[in-house]
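Residue numbers (this note's numbering), protein chains in the order written: chain A, 1 to 179; chain B, 1001 to 1199. Each remark here refers to the structure printed beneath this line.
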Amino acid sequence: MEKTLARIALFAALIAVLGLLPKLTLASGIPITAQSMGIMLAGTILGARNGALSVLLFLFLVALGLPLLAGGRGGMGVFAGPTLGYLIGFPLGAFVIGLVADRFAKPKTFLPALTGAVVGGIGVVTVCGIIGMAVMMKVSLLTATGYAMPFIPGDILKAVIAAAITAALYKARPGFANA
Amino acid sequence: MIGALSARPTPFHRIPAARKLLGLCVFCTILGVTDLPVLNWAAFGAVMLASLIPGRWFLSLIARDLKMPAVIAVFIIAFQWATGHLVLGLSVAGTLMACIAAAMVFSRTTSPAETLGVVDRGLARLRVPEVARRRLSLAVALTLRFIPALSARADHLAEAYRMRSPRRLSWRIVPPLALGALDEADQAAEAMRARAHTI
């Protein structure tokens, strides 16, 4: 139990620290941060339940007022904005990532992790984000989808990197998956 | 302590966190069902006026928090105007600005520890077992301990990368960072067990 709790706490911290890394700007001019990759890593490395719990813990700290979201944002205000759907989608996405990856015989290798990251980290999170924007900004789902689309190339890049990292970690520490 | 809390005391700091949180929920719920732009923007104005009570420094603190939401609000108004729904755009933007401003006043005047206390008492009232509440507190404490440690590790890795590579700092430092994170978690768990800090 101690190890599980420590890992959940540590991945919540990792998600926060990844938000501090310099952002990368795509050719289209859309900035991408590493924070959502932290969500993907939580799901691929910790699995469905613990991954979702670490993301929930991270969001709880944000709600407490800690400026842990990319760009130094935090506090209750972020839950009143148009990105609320993405915040709801993060723990759901981490859960689905773990769930999908666990369907494979070796869940901590590249392909299962990539499949999980694409389905949960991109699919689930983006759908929640689109619904959230449509509700909060009172626009149609089609319009909200248009707002979300520019971020997809960056998300695909992050899913590939998250899967590669998961596979590399599994190679370096084969035992981490069983802890 | 990292956080949005204003170190300079204001009259809002003295209001109990539970009351502020309840007030914030009621405020946002009422605004969420109000479609009149005049009311939405009046609520925003009221929050900004209330922010003047501690002084202009506090108002400018809240105004700084509202920079990004303001850009989004302008975008919403412009979009709804272009599609022939200007009133709706004004109402949505007003609600967003008022709720975010009120939430930032809450965050700027309530310490994370106070909010955690409110959550703990709320969970206790909901009859959540003490062991589960203790786990939450411990997880929060561990995360707060790990953030600066991991941040320092990321800085060291970035420094080492810059020294060895002429290329721009990239996400290549994430695997060693994640690996170190896993080791750190295991060490923390061992330390907890060694100190009989079982949960």
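Backbone N, C-alpha and C fix where the C-beta goes; we use that ideal spot for every residue, glycine too. It should be emphasised that the depicted structure is a prediction, and the values quoted were computed from it without experimental measurement.
Can you pull the DSSP bridge partners for residue i?
i, result
"B:Ile1076", "In the DSSP output, where bridge partners are listed per residue, B:Ile1076 has none listed."
"A:Arg73", "A:Leu69"
Would you please verify whether the beta carbon of residue i is less than 8 Å from any beta carbon of chain C?
i, result
"B:Phe1106", "Although the question refers to chain C, the structure presented lacks it and instead comprises the protein chains A and B."
Please list the terminal residues of the continuous alpha helix (DSSP H) segment that includes residue i.
i, result
"B:Gly1117", "1112-1125"
"A:Phe11", "2-18"
"A:Ala101", "84-101"
"B:Arg1014", "No alpha helix (DSSP H) holds B:Arg1014; DSSP gives it neither H nor E."
"B:Pro1176", "1174-1194"
"A:Gly154", "152-172"
"A:Ile149", "Note that residue 149 of chain A is Met in the sequence shown here, rather than Ile. Counting along the chain, A:Met149 falls outside any alpha helix (DSSP H), and DSSP gives it neither H nor E."
"B:Pro1009", "B:Pro1009 -> no alpha helix (DSSP H), and no H or E assigned at all."
"A:Gly47", "Here A:Gly47 belongs to no alpha helix (DSSP H), and DSSP marks it neither H nor E."
"A:Val78", "No alpha helix (DSSP H) contains A:Val78, which DSSP labels as neither H nor E."
"A:Gly120", "It is not in any alpha helix (DSSP H) - A:Gly120 carries neither H nor E in the DSSP assignment."
"B:Ala1004", "No alpha helix (DSSP H) contains B:Ala1004, which DSSP labels as neither H nor E."
"B:Arg1168", "Where B:Arg1168 is concerned, there is no enclosing alpha helix (DSSP H), given that its DSSP letter is neither H nor E."
"A:Phe104", "Per DSSP, A:Phe104 belongs to no alpha helix (DSSP H) and is neither H nor E."
"B:Thr1109", "1086-1109"
Relative to the C-alpha of residue i, which candidate in the options has its C-alpha closest?
i, options, result
"A:Cys128", "A:Ser140, A:Asp155, A:Leu92, A:Met137", "A:Leu92"
"A:Ile15", "A:Glu2, A:Gly98, A:Leu41, A:Pro174", "A:Leu41"
"A:Ala6", "B:Arg1153, B:Arg1014, B:Cys1099, B:Ile1147", "B:Ile1147"
"A:Lys158", "A:Ser36, A:Gly146, A:Ala12, A:Leu68", "A:Ser36"
"B:Ala1158", "B:Val1174, B:Thr1143, B:Arg1145", "B:Val1174"
"B:Pro973", "B:Leu1088, B:Val1119, B:Arg1167", "Nothing about residue 973 of chain B can be reported from this structure: the residues present for chain B run from 1001 to 1199 only."
"A:Ile156", "A:Thr145, A:Met133, A:Thr115", "A:Thr115"
"B:Ala1043", "B:Leu1024, B:Leu1061, B:Phe1058", "B:Leu1024"
"B:Ile1053", "B:Ala1018, B:Val1074, B:Phe1012", "B:Phe1012"
"B:Ser1091", "B:Ile1077, B:Gly1084, B:Ala1141, B:Gly1055", "B:Ile1077"
"B:Trp1171", "A:Pro153, A:Ile45, A:Ala164", "A:Ala164"
"B:Ala1188", "B:Thr1143, B:Tyr1161, B:Arg1167", "B:Thr1143"
"B:Phe1058", "B:Ser1137, B:Phe1106, B:Phe1079, B:Gly1094", "B:Phe1106"
"A:Leu10", "B:Pro1166, B:Arg1168, B:Ala1149, B:Ala1160", "B:Ala1149"
"A:Thr126", "A:Lys106, A:Ile161, A:Phe90", "A:Phe90"
"A:Val96", "A:Ile161, A:Gly85, A:Gly47, A:Val139", "A:Gly47"
"B:Arg1168", "A:Gly154, A:Leu21, A:Thr166", "A:Leu21"
"A:Ile130", "A:Ala162, A:Ala94, A:Ile88", "A:Ile88"
"A:Ala34", "A:Arg49, A:Met133, A:Gly154", "A:Gly154"
"A:Lys106", "A:Thr166, A:Ala12, A:Met1", "A:Thr166"
"A:Pro150", "A:Ile32, A:Lys138, A:Met1", "A:Ile32"
"A:Ile39", "A:Gly85, A:Val62, A:Ala117, A:Gly74", "A:Ala117"
"B:Leu1021", "B:Arg1108, B:Leu1039, B:Leu1086, B:Ala1007", "B:Arg1108"
"B:Leu1138", "A:Leu61, A:Arg49, A:Gly51", "A:Leu61"
"A:Val17", "B:Ser1060, B:Met1163, B:Arg1145", "B:Arg1145"
"A:Tyr147", "A:Thr44, A:Gly85, A:Gly77, A:Ala13", "A:Gly85"
"A:Ala13", "B:Pro1166, B:Arg1127, B:Ala1141, B:Arg1162", "B:Ala1141"
"B:Asp1035", "B:Thr1095, B:Pro1166, B:Ser1165", "B:Thr1095"
"A:Gly74", "B:Ala1160, B:Asp1183, B:Ala1004", "B:Ala1004"
"B:Phe1027", "A:Met76, A:Ala52, A:Gly51", "A:Met76"
"B:Leu1039", "B:Met1163, B:Met1097, B:Arg1127", "B:Met1097"
### Message
Could you tell me which whole alpha helix (DSSP H) segments of length 4 or greater appear in the stretch 1032-1060 of chain B?
### Response
1037-1051
### Message
Check whether the stretch 1179-1195 of chain B and the stretch 55-65 of chain A touch, using three or more Cβ-Cβ pairs below 8 Å as the test.
### Response
no
### Task
Decide if the stretch 1029-1043 of chain B is in contact with the stretch 1062-1076 of chain B; the criterion is three or more beta carbon pairs, one per stretch, under 8 Å apart.
no
### Message
Taking 8 Å as the cut-off, does the stretch 1119-1131 of chain B touch the stretch 93-106 of chain A (at least 3 CB pairs, one atom from each stretch)?
### Response
no
### Query
Which runs of the alpha helix (DSSP H), 4 residues or longer, sit entirely within the stretch 1129-1166 of chain B?
1130-1164
### Query
Within the chosen definition, does the stretch 1106-1115 of chain B reach the stretch 65-76 of chain A through at least 3 CB pairs nearer than 8 Å?
yes
### Query
Taking one C-beta from the stretch 68-78 of chain A and one from the stretch 107-122 of chain A each time, how about it: are there three or more such pairs within less than 8 Å?
no
### Task
Report yes or no: do three or more beta-carbon pairs, one from the stretch 1042-1058 of chain B and one from the stretch 1114-1124 of chain B, lie closer than 8 Å?
no
### Message
Under 8 Å, with one C-beta from each stretch per pair, do the stretch 81-89 of chain A and the stretch 104-115 of chain A reach the 3-pair mark?
### Response
no
### Task
Please determine if the stretch 1149-1158 of chain B and the stretch 1176-1188 of chain B are in contact, where contact requires at least 3 C-beta pairs separated by less than 8 Å.
yes
### At least 3 beta-carbon pairs within less than 8 Å: the stretch 1057-1068 of chain B vs the stretch 1099-1108 of chain B
yes
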